[in-house]
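Asker: What follows is a structure written as structure tokens; I'll ask about it next.
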Amino acid sequence: MRAVNDRIEVALPGERSYPILLGNGLLGTPGLLDPYTRNQALVVTNAVVSGLYLEAVRRSLVSVDQVDIAEIGDGETFKTLDTYAAVLDALVDKRHNRTTTVIALGGGVVGDVAGFVAATYQRGVGLVQIPTTLLALVDSSVGGKTAVNHPAGKNLIGAFYQPRAVVADVGMLETLPEREFRAGLAEVVKYGVIADQAFFQWLESHIDDVLTRDPACLVHAVRRSCEIKAEVVADDEREQGRRVILNFGHTFGHAIEAVTGYERFLHGEAVAAGMIMAMDLSVRLGRSDDRDRRRVRRLIERCGLLTEALEVDEDALLDAMGMDKKVMDGRLRLIVCDGIGSVSVTSDVPEQTLKGAISHSR
Ligand code: NAD
Ligand code: GLY
Numbered sequence: 012m013r014a015v016n017d018r019i020e021v022a023l024p025g026e027r028s029y030p031i032l033l034g035n036g037l038l039g040t041p042g043l044l045d046p047y048t049r050n051q052a053l054v055v056t057n058a059v060v061s062g063l064y065l066e067a068v069r070r071s072l073v074s075v076d077q078v079d080i081a082e083i084g085d086g087e088t089f090k091t092l093d094t095y096a097a098v099l100d101a102l103v104d105k106r107h108n109r110t111t112t113v114i115a116l117g118g119g120v121v122g123d124v125a126g127f128v129a130a131t132y133q134r135g136v137g138l139v140q141i142p143t144t145l146l147a148l149v150d151s152s153v154g155g156k157t158a159v160n161h162p163a164g165k166n167l168i169g170a171f172y173q174p175r176a177v178v179a180d181v182g183m184l185e186t187l188p189e190r191e192f193r194a195g196l197a198e199v200v201k202y203g204v205i206a207d208q209a210f211f212q213w214l215e216s217h218i219d220d221v222l223t224r225d226p227a228c229l230v231h232a233v234r235r236s237c238e239i240k241a242e243v244v245a246d247d248e249r250e251q252g253r254r255v256i257l258n259f260g261h262t263f264g265h266a267i268e269a270v271t272g273y274e275r276f277l278h279g280e281a282v283a284a285g286m287i288m289a290m291d292l293s294v295r296l297g298r299s300d301d302r303d304r305r306r307v308r309r310l311i312e313r314c315g316l317l318t319e320a321l322e323v324d325e326d327a328l329l330d331a332m333g334m335d336k337k338v339m340d341g342r343l344r345l346i347v348c349d350g351i352g353s354v355s356v357t358s359d360v361p362e363q364t365l366k367g368a369i370s371h372s373r
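Quick note on the working numbering: the sequence shown kicks off at 12 and runs consecutively.
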């Protein structure tokens, strides 16, 4: 039996605490999922991921009597209420009861839909997240945000709902397309910038090995990212305050995604450009020095994430930023870097300063 290399605890009150089981080649270990499931389970996945990893999930479930599968369409366009309803139908049709467990096997799209299903079916059933993209491993599978999109905007319908466990197996990254892998790295870089200068430095030294998907390097990168996310979520589960720091670069990034119709750039590509803009802004506000700005830009460049996302029209971007959900009481709140490893929230940034940061980042 292959061992779990590591275990990170997301320390929340009472029963809401859960482990992230981290390793390389974990999935498929007989009985791995048994402690987090009961008599029934529904695996939510898509055709791509199911072909690659469904059998390993089955092998990980030894003592579950009934395992059903719900395949959803592949991609963001399927993160809808219709898809959500179809998964609920599958639970009802197969007579799943309140002790069932929804197992999300896939990237952030599958995880977000399956999570929202688990949050609402019979007022909440068990949920296990098995993230298969780098973005899902280091971000979306941890922390309990679940949602589907509405035609009026992304993630408008959802719930905070924590899983019982997350299986973070970097072995599944072997099959991830290169562009998706690099996009996920944007979130990894983010953790260094917001919370851990030493981790940022480690990334600078090991980025070439990370890019070749060296398993030991991937385990370290995912572990440190998950530890930081777990710590922030434990401190502020429902984003009443500190959790907002996880959105460093995202206000710019979300605006880039919005003005390009959510199709031209992957989320991580937009966030990478957004972090470059946020670093420039931080220098303009006297929070970071220019060396920090250049280091972040260089690391993003080495990840292959210096893209045309930086060239989006600045007026359109400013407009879209006004619509971002981080606008509170009519004031745009932005996360700025106070030197690599530390960030804070600021509001009332003059429009010209913001504009300058966007145009200078090209
Ligand atoms: P995704 O789920 O669309 O997956 C990307 C692509 O990779 C898909 O085509 C998928 O089929 C394929 N794929 C997945 N795993 C694979 C593997 N191991 N091998 C080969 N192909 C594989 O995209 P994503 O980037 O994982 O997730 C994006 C979603 O995550 C967005 O909807 C976003 O809103 C959401 N998100 C949620 C949170 C949260 O906290 N809940 C945080 C960040 C992002
Ligand atoms: N992805 C940001 C958060 O989970 O809060």
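Built from N, CA and C at the ideal position, the CB exists for glycine as well.
Give every residue of the same chain whose Cβ lies closer than 6 Å to the Cβ of Tyr47, excluding the five residues on either side of it in the sequence, and list them in chain order.
Answerer: Val139, Arg175 and Ala176
Asker: Near Val354, what residues of its chain come up, given a Cβ to Cβ distance below 6 Å and the 5 sequence neighbours on each side ignored?
Answerer: Ile205, Ile256, Phe259, Ile346 and Cys348
Asker: Just to check, is the beta-carbon of Val55 closer than 7 Å to a non-hydrogen atom of the ligand NAP?
Answerer: As presented, the structure is devoid of the ligand NAP, carrying the ligand NAD and the ligand GLY as its sole ligands.
Asker: To the nearest angstrom, how far is the alpha carbon of Ile351 from that of Ala96?
Answerer: 43 Å
Asker: Select from Arg275, Tyr172 and Ser151 the residue whose C-alpha is nearest the C-alpha of Ser236.
Answerer: Ser151
Asker: Can you check which of these residues, Ile287, Asp93, Gly42 and Thr144, is closest to Val233 by C-alpha distance?
Answerer: Thr144
Asker: If you drop the 5 nearest sequence neighbours on each side, which residues of the same chain put their C-beta closer than 7 Å to that of Asp291?
Answerer: Arg304, Ala368, His371 and Ser372
Asker: Does the beta carbon of Ala125 fall short of 7 Å from some heavy atom of the ligand NAD?
Answerer: no
Asker: Name, in chain order, the residues that DSSP records as bridge partners for Phe171.
Answerer: Lys156
Asker: Could you check where the alpha helix (DSSP H) with Val181 kicks off and where it finishes?
Answerer: In the DSSP annotation of this structure, Val181 is not part of any alpha helix (DSSP H), being labelled neither H nor E.
Asker: So, at 7 Å on beta carbons, what are the nonlocal neighbours of Phe89 in its own chain, with the 5 sequence-adjacent residues on each side left out?
Answerer: Ile83 and Val120
Asker: Looking at Phe127: is its Cβ nearer than 8 Å to the Cβ of Ala170?
Answerer: yes
Asker: Could you name the residues of the same chain whose beta carbon sits closer than 7 Å to that of Gly122, not counting the 5 residues immediately before and after it, in chain order?
Answerer: Ala115, Gln140, Pro142, Ala147, Ser151 and Ser152
Asker: Would you check if the distance between the CB atom of Arg70 and the CB atom of Pro30 is smaller than 8 Å?
Answerer: no
Asker: Distance, Cα to Cα, Ala22 vs Ser28?
Answerer: 5 Å
Asker: Taking the alpha-carbon of Val54 as reference, which of Lys105, Ser358 and Tyr172 has the nearest alpha-carbon?
Answerer: Lys105
Asker: Between the C-alpha atoms of Val199 and Ile311, what's the straight-line distance to the nearest angstrom?
Answerer: 10 Å
Asker: Just to confirm, does Leu138 get its C-beta within under 7 Å of one of the non-hydrogen atoms of the ligand GLY?
Answerer: no
Asker: If you reduce the DSSP assignment to three classes, tell me which class His161 lands in.
Answerer: strand
Asker: To test your reading of the DSSP string, which unbroken alpha helix (DSSP H) runs of 4 or more residues are found completely within the segment 32-85?
Answerer: 58-71
Asker: Under the criterion of a Cβ to heavy atom distance below 7 Å, does Gly119 qualify as lining the ligand NAD?
Answerer: Yes; taking the cut-off as 7 Å, the Cβ of Gly119 has a heavy atom of the ligand NAD nearer than that.
Asker: Taking 7 Å as the limit between beta carbons, can you name the residues of its chain near Asn50, skipping five residues before and five after?
Answerer: Contacts found: Val75, Asp76, Gln77 and Thr110.
Asker: Once DSSP output is grouped into helix, strand and coil, what is the label at Cys348?
Answerer: Residue state for Cys348 is assigned as strand, using DSSP reduced to three classes.
Asker: Whole angstroms is fine: what's the gap from Val149's alpha carbon to Arg224's?
Answerer: Taking the straight line from one Cα to the other gives about 15 Å.
Asker: Would you tell me roughly how many angstroms separate the C-alpha atoms of Ile80 and Thr56, rounded to the nearest one?
Answerer: Taken atom to atom, the span from the alpha-carbon of Ile80 to that of Thr56 is near 8 Å.
Asker: From this set, Ala158, Arg308 and Tyr172, which residue's C-alpha is nearest Gly135's C-alpha?
Answerer: Tyr172
Asker: Could you give the DSSP three-state label for Ser370: helix, strand or coil?
Answerer: The answer is helix: DSSP assigns Ser370 an H, G or I state.
Asker: Can Gly36 and Gly182 be called in contact, C-beta distance under 8 Å?
Answerer: Contact: yes.
Asker: Within the same chain, show all residues whose beta-carbon is closer than 6 Å to that of Phe276, passing over the 5 residues directly before and after it, in chain order.
Answerer: Ala320
Asker: What is the DSSP secondary structure of Gly117, reduced to helix, strand or coil?
Answerer: strand
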